[in-house]
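My numbering puts the first residue of the sequence shown at 7, with every later residue one more than the last. Note that CB positions come from ideal geometry on N, CA and C, so glycine has one too. Everything below concerns the one structure shown next.
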Amino acid sequence: MSRAGGAMRGLTWTGILLILIVGAIHAIESPDYFSEATYLGWLFVANAVGAVVAAFGIYRGEAWGWGLGFLISAGAFIAYIVSRTVGLPGAPGLAQESLFETAGLISLIIEALFVIAFVAWTSRRVTKA
């Protein structure tokens with residue numbers, strides 16, 4: 007295997023691992039958000055399911071898997087910041103919670119790492135073409 011091929015394989019497994027962690031965090035946290043606002047609980051479940059689908063796509067070498075993972079990670083990152091600053095409809099209590107809550111911070115870090123992996127994958131893909 008070439009060095010470039012090995013790097014892409016490593017990047018692929020990194021992306022799979024990161025997006026699965028994002029999904030797992032949201033699956034674990036979803037019950038708390040159903041009590042806050044039902045739609046938030048369903049969004050957390052959708053995030054978890056979408057993360058599994060994205061991981062499968064990434065594993066298969068499909069660009070849509072990376073794109074879906076990017077949307078899930080970036081969307082969750084932005085939604086967390088919004089929820090803790092200006093708040094979300096039907097969930098005013100979230101804006102009063104700390105922006106630096108442990109599970110939230112871990113999730114933000116993992117989501118940001120996935121976005122970085124996505125950018126690296128995109129740049130390698132573009133230079134390869």
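According to the DSSP assignment, A43 belongs to no alpha helix (DSSP H), since it is labelled neither H nor E. The beta strand (DSSP E) runs of length 3 or more contained entirely in the stretch 49-102 do not exist; there are none.
Taking A126 as the centre and dropping the five residues before and after it, the same chain places the C-beta of L17 closer than 7 Å to its C-beta, in chain order.
When the five nearest sequence neighbours on each side are left out, the beta carbons in the same chain lying within less than 6 Å of the beta carbon of S113 are those of I31, in order along the chain. Taking all protein chains in view, the Cβ of L105 is surrounded by fewer than 16 other Cβ atoms within 10 Å, so the residue is classified as exposed. For F120, the secondary structure class from DSSP, reduced to helix, strand or coil, is helix. Nearest neighbour of R15 by Cα position, chosen from R66, I115, Q102, A101, turns out to be R66.
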